[in-house]
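A.B. asks: Below are the structure tokens for one structure; questions will follow.
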Amino acid sequence: MKKPLTALIWTMLSFPVFSLVSCTSGERTVEDPVIGYANTYTLDIARVELTDTSTVLSITAKYIPRYWIKISSDTYLLSKGRKYRMTGTDGIEADSLFWMPDSGKAAFRLMFEPLPRNARSFDFIESDAEGCFRIFDVDLTGKASYSTSRGIPAELEEAGGDARVPGPEFRTGRTTVKLHLPGYRPEFGISKAEMYVNTLLSGQETYTAPVDQETGTAEFSFMQYGPAIGGIVIENTGSDIWLSPGEELDVYFDPRVKGWNLYNSRERDGGEDGSGDGFCWFRASGKYAELTNSYAGDRIPYGMSLYSGEFADYRMTADEYTDHVISIYNSLSGMLSSSGISPLMKELGQLNLKQQLVTAIAEGDFLRKHNYMNVHDKWELFREEIPYRIDPIRLDNFRKVLELVDIGDPALLMGSNVSDYISALTSMDEDLLQASGEDSALVRDLRMALPLASEAADAALSEEDIEKCGFSMPFYEEALKSMQEASEKALALAGGQTEMKVPDVPDGSLFDAIIAPYRGKVIVVDFWNTWCAPCRAALEANEPLKDSLPGKDDIVWIYVANTTSPLVKYRTMIPGIRGLHYRLEGKQWAYLCDKFAIDGIPSYVLVDRDGSYSLRNDFRDHDVLKETLEEMTGKK
């Protein structure tokens, strides 16, 4: 068990593989055991010592410095249906908080009853309580490879890599993705799968599907408007999939990838890492199967780190910045061309770099501001001007980049960085675009279509608005009309208005007016939006507290979003979030963000019984929220 975090971590590792089994009379030691599925990246089993009197596990732990983990005294091993209880510990005390050192790494040993000599594997179960550590199929035979695939059709195993990147499809249709988890066992406890779809017209859409515990399958179905790239994620691990509108396809996701990642991340004597043995863990059918499967097995090693805070120096002039961006682009493009990855991945990598080049010049002023905030640790200035004049990007800078890339090439919609690329196209200064002579149909159509798609998401788009645009292809009109119809149906099913009426008071009095009716109670005010993945994760984690907290009747939950949450999505979500809901206009939201110095969402304001309040972003830690509410209601 560990102190939980509300966060979406997408982890894929690729290192060499090594394993050794040594045997002597009466005992044996398994070094570097291969493991199957694990529900954690915090604990790993580095060694297993087996004797006639005990089984000893050497555990390595990696977690956030100064956060705690805990090992339950009810921990046991499971082999061939029999439990072997834990008999002792060394380096950690059972049932006590173990605080991680500043290195974020620790090691300890756990002792168990002896496993039978003929045992070939076992499961490590840190009690049967929810949320405890579990590591399955720990190998005792000396196996040193994950290369054997399970349940993946033979025709999908070979990814190829000699094809060209296909072009985008401008069509509308219902796409169905059938997910299979080969070798799934109900004991794994994977309750859901998530899919994040980066769309052409409506940003990132999120879908969740329950995992059938008997069959180890899940299914996603959604309307798709034009080209899209999805990311399938299970337990913080996943890969991308390219989607053709209206198709039905199968995706195979081997849960052993979690164990593979742990195995390959081990620190070995002499600095050896694992051998990335070509483990075939993710495969998909469908029109873009070769692209998806090559991407899963042959990662692209080069790209611009645009949002690291260190991409560019804020003191650069516009000319210096432009030359800096072009230099990085040319260097990475050259290294990619001479790399050993497949031709298909080289082509995709070049598309990715071109997307990043467009983004880098379109966001040139912001990326230098971003560096200023990083250097000076002034993230509160995100929505404000920094005390340094950034030399703005000019027409000649933009034209320099246009010499290297056709920013309106539809092929760029197939690159992995499609969301940033589309955002860059649609946020560019109109005068700059016109002066540059850039007049591609893609750029023109997208800049007209995206604002209309936002209206459709609020069920507020008229046919007249669509028809007067004069799009270059019928796809856009068809897609926008379909989106509007879908929103109208969803809004009708949501049952009308379910949020609270925003008090009609000046912005300076708004917060006090919202909380006034509940004076005398403890109030948690949650600032969130529908598109915020950490917000959704926090909502899911916090919802059970409304039933489990002993002082639940003394607590009022208020949720504040803004109009960037599409109305239809908002109204279909909030019935599942118990509490009082307010959807604010931009000016009202901005005032409250300034009032509380909100640096991002989710953010929380705690209101005491006497009406005093303060920002409590330590509530992003679920345990802190729970413990604070227990103390304030006096019912811990």
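Throughout the sequence shown, residue numbering follows mature numbering (1 follows the signal peptide of the UniProt record, and there is no 0), covering -19 to -1, 1 to 617 in sequence.
Heads up, the beta-carbon is just placed ideally off N, CA and C, and yes, glycines get one too.
All of these numbers come straight from a predicted model, not from anything done at the bench.
Assign Ala91 to one of three DSSP states: helix, strand, or coil.
C.D. replies: Reading the sequence shown from its first residue, position 110 is the one you call residue 91. Residue 91 is actually Leu in this sequence, not Ala. Of the three classes helix, strand and coil, the one that applies to Leu91 here is strand, per DSSP.
A.B. asks: Can you tell which of Val356, Ile40, Phe260 and Phe201 has its C-alpha closest to the C-alpha of Arg247?
C.D. replies: As a first step, residue 247 must be located in the sequence shown, where it is residue number 266. Considering only alpha carbons, the answer is Ile40.
A.B. asks: Can you look up Val483 in the DSSP assignment and give me helix, strand or coil?
C.D. replies: Here residue 483 corresponds to residue number 502 of the sequence shown, with the count starting at 1. If DSSP states are grouped into helix, strand and coil, Val483 belongs with coil.
A.B. asks: Closest by CA to Leu243, which one among Ala578, Thr10 and Phe117?
C.D. replies: Mapped onto the sequence shown, residue 243 falls at position 262. When each option's Cα is compared against that of Leu243, the closest is Phe117.
A.B. asks: Can you tell me where the alpha helix (DSSP H) with Leu96 in it begins and where it stops?
C.D. replies: Here the question's residue 96 lines up with position 115 in the sequence shown. Unbroken run through Leu96: none, as it is neither H nor E.
A.B. asks: Check whether the segment 160 to 180 and the segment 421 to 428 are in contact - that is, three or more C-beta pairs closer than 8 Å.
C.D. replies: Segments in contact, no.
A.B. asks: Please give the ranges of any alpha helix (DSSP H) in the segment 367 to 446, keeping only runs that are unbroken, at least 4 residues long and fully inside the region.
C.D. replies: With a minimum length of 4 residues, the continuous alpha helix (DSSP H) runs that stay inside the segment 367 to 446 are 376 to 383, 399 to 408, 411 to 417 and 422 to 438.
A.B. asks: Span of the alpha helix (DSSP H) holding Asn333?
C.D. replies: Taking the sequence shown and counting its residues from 1, one reaches residue 333 at position 352. Per DSSP, Asn333 belongs to the alpha helix (DSSP H) from Pro324 to Ala343.
A.B. asks: In three-state DSSP terms, what is Ile558?
C.D. replies: If you number the sequence shown from 1, residue 558 lands on position 577. Ile558 falls in the coil class under three-state DSSP.
A.B. asks: Could you tell me the boundaries of the beta strand (DSSP E) in which Phe263 lies?
C.D. replies: By 1-based counting over the sequence shown, the position of residue 263 is 282. Phe263 to Ala265 is the span of the beta strand (DSSP E), which, as asked, contains Phe263.
A.B. asks: Three or more C-beta pairs under 8 Å: does that hold for the segment 355 to 366 against the segment 423 to 439?
C.D. replies: In short, these stretches do not touch, since the Cβ pair count stays below three.
A.B. asks: How long is the line joining the alpha carbons of Arg375 and Arg425, rounded to whole angstroms?
C.D. replies: Here residue 375 is taken as the residue at index 394 of the sequence shown, counted from 1. Here residue 425 is taken as the residue at index 444 of the sequence shown, counted from 1. For Arg375 and Arg425, the distance between alpha carbons rounds to 21 Å.
A.B. asks: Any contact of the segment 184 to 196 with the segment 145 to 155, i.e. 3+ C-beta pairs under 8 Å?
C.D. replies: Counting Cβ pairs under 8 Å, fewer than three are found: no touch.
A.B. asks: Following the continuous beta strand (DSSP E) through Thr156, name the residue where it begins and the one where it ends.
C.D. replies: Here residue 156 refers to the residue found at position 175 of the sequence shown. Thr153 to His161 is the span of the beta strand (DSSP E), which, as asked, contains Thr156.
A.B. asks: Compare the Cα-Cα distances from Pro525 to each of Ala514, Gly560, Ser546 and Phe456 and report the closest residue.
C.D. replies: In the sequence shown, counting from the first residue as 1, residue 525 sits at position 544. The shortest C-alpha separation from Pro525 is found at Gly560.
A.B. asks: What is the rounded straight-line gap between the Cα of Leu565 and the Cα of Ser53?
C.D. replies: On the sequence shown, residue 565 is found 584 positions in, with the first residue counted as 1. On the sequence shown, residue 53 is found 72 positions in, with the first residue counted as 1. In a straight line, the C-alpha of Leu565 is about 45 Å away from that of Ser53.
A.B. asks: Assign Lys470 to buried or exposed, taking buried as 16 or more other Cβ atoms, counted over all protein chains shown, within 10 Å of its Cβ.
C.D. replies: Translated into positions along the sequence shown, residue 470 becomes position 489. The residue is exposed, with fewer than 16 neighbouring Cβ atoms inside 10 Å.
A.B. asks: Quick one, which of Ala199, Ala437, Ala405 and Lys86 has its alpha-carbon nearest Gly72's?
C.D. replies: Position 91 of the sequence shown, counted from the first residue, corresponds to residue 72. Of Ala199, Ala437, Ala405 and Lys86, the residue nearest in Cα terms is Lys86.
A.B. asks: Taking Tyr65 as part of the alpha helix (DSSP H), name the residues at either end of that continuous run.
C.D. replies: For the purposes of this step, residue 65 is identified with residue 84 of the sequence shown, where counting begins at 1. Run containing Tyr65: none in the alpha helix (DSSP H); it sits in the beta strand (DSSP E), Arg63 to Asp71.
A.B. asks: Relative to the alpha-carbon of Ala341, which residue among Lys327, Asn355, Glu291 and Lys359 has its alpha-carbon at the smallest distance?
C.D. replies: Looking up residue 341 in the sequence shown gives position 360. With distances taken between Cα atoms, Ala341 lies closest to Glu291.
A.B. asks: Helix, strand or coil: how does DSSP classify Gly315 here?
C.D. replies: If you number the sequence shown from 1, residue 315 lands on position 334. The answer is helix: DSSP assigns Gly315 an H, G or I state.
A.B. asks: Can you tell me whether Ile495 is helix, strand or coil according to DSSP?
C.D. replies: Taking the first residue of the sequence shown as position 1, residue 495 is located at position 514. Helix.
A.B. asks: Say whether the segment 128 to 135 touches the segment 258 to 278, bearing in mind that this needs 3 or more beta-carbon pairs closer than 8 Å, one atom from each stretch.
C.D. replies: Yes: at least three Cβ pairs fall under 8 Å.
A.B. asks: Which partner residues does Glu175 have in the DSSP bridge list?
C.D. replies: Residue 175 sits at position 194 when you count from the first residue of the sequence shown. DSSP, once it has assigned bridges, lists Thr189 and Val214 as partnering Glu175.
A.B. asks: Have a look at Ser275 and Ile322 and give me their C-alpha separation to the nearest angstrom.
C.D. replies: For the purposes of this step, residue 275 is taken as residue 294 along the sequence shown, with counting starting at 1. For the purposes of this step, residue 322 is taken as residue 341 along the sequence shown, with counting starting at 1. In a straight line, the C-alpha of Ser275 is about 10 Å away from that of Ile322.
A.B. asks: For Lys43, does the three-state DSSP call read helix, strand or coil?
C.D. replies: Locating residue 43 in the sequence shown gives position 62, counting from the first residue. Strand.
A.B. asks: Is Leu596 near the ligand MN, judged by its Cβ being under 7 Å from some heavy atom?
C.D. replies: In the structure on display, the ligand MN does not appear, and there are no ligands present to speak of.
A.B. asks: Do you know how far the Cα of Pro149 is from the Cα of Phe203?
C.D. replies: For this step, residue 203 is matched to residue 222 along the sequence shown. For this step, residue 149 is matched to residue 168 along the sequence shown. Using only the alpha carbons, I get a separation of about 18 Å.
A.B. asks: For Trp570, is the classification buried or exposed, using 16 other Cβ atoms within 10 angstroms of its Cβ as the cut-off for buried?
C.D. replies: By 1-based counting over the sequence shown, the position of residue 570 is 589. With 16 or more other Cβ atoms within 10 Å, it is buried.
A.B. asks: Which runs of the beta strand (DSSP E) at least 3 residues long sit entirely within the segment 496 to 562? Give them in chain order.
C.D. replies: Listed in chain order, the complete beta strand (DSSP E) runs (minimum 3 residues) inside the segment 496 to 562 are 503 to 508 and 536 to 543.
A.B. asks: Cα separation between Ser320 and Ile388?
C.D. replies: In the sequence shown, the residue the question calls residue 320 occupies position 339. In the sequence shown, the residue the question calls residue 388 occupies position 407. Rounded to the nearest angstrom, the two C-alpha atoms are 25 Å apart.
A.B. asks: Check Phe(-2) in the structure and name its three-state DSSP category.
C.D. replies: As a first step, residue -2 is located in the sequence shown; it is residue number 18 there, counting from the start. Residue placement at Phe(-2) is poorly supported in this model, since its pLDDT is 37, which falls under 50; the coordinates still yield a value, given next. Three-state result, Phe(-2): coil.
A.B. asks: For a quick check, are the C-beta atoms of Ile213 and Gly219 less than 8 Å apart?
C.D. replies: As a first step, residue 213 must be located in the sequence shown, where it is residue number 232. As a first step, residue 219 must be located in the sequence shown, where it is residue number 238. Yes; because the gap between Cβ atoms is below 8 Å, this pair is in contact.
A.B. asks: Does the segment 528 to 539 come into contact with the segment 446 to 455, if we say contact requires no fewer than three beta-carbon pairs (one atom in each stretch) closer than 8 Å?
C.D. replies: With a cut-off of 8 Å, the segment 446 to 455 and the segment 528 to 539 do not count as touching, because too few Cβ pairs lie within range.
A.B. asks: Check this for me: beta carbons of Asp235 and Ser128, under 8 Å apart or not?
C.D. replies: Within the sequence shown, numbered from 1, the residue matching residue 235 stands at position 254. Within the sequence shown, numbered from 1, the residue matching residue 128 stands at position 147. Their beta carbons are not under 8 Å apart, which means Asp235 does not touch Ser128 by this criterion.
A.B. asks: Report yes if the C-beta distance between Gln205 and Pro226 is below 8 Å; otherwise report no.
C.D. replies: As a working mapping, residue 205 is identified with position 224 in the sequence shown. As a working mapping, residue 226 is identified with position 245 in the sequence shown. Yes, these two residues count as a Cβ contact at 8 Å.
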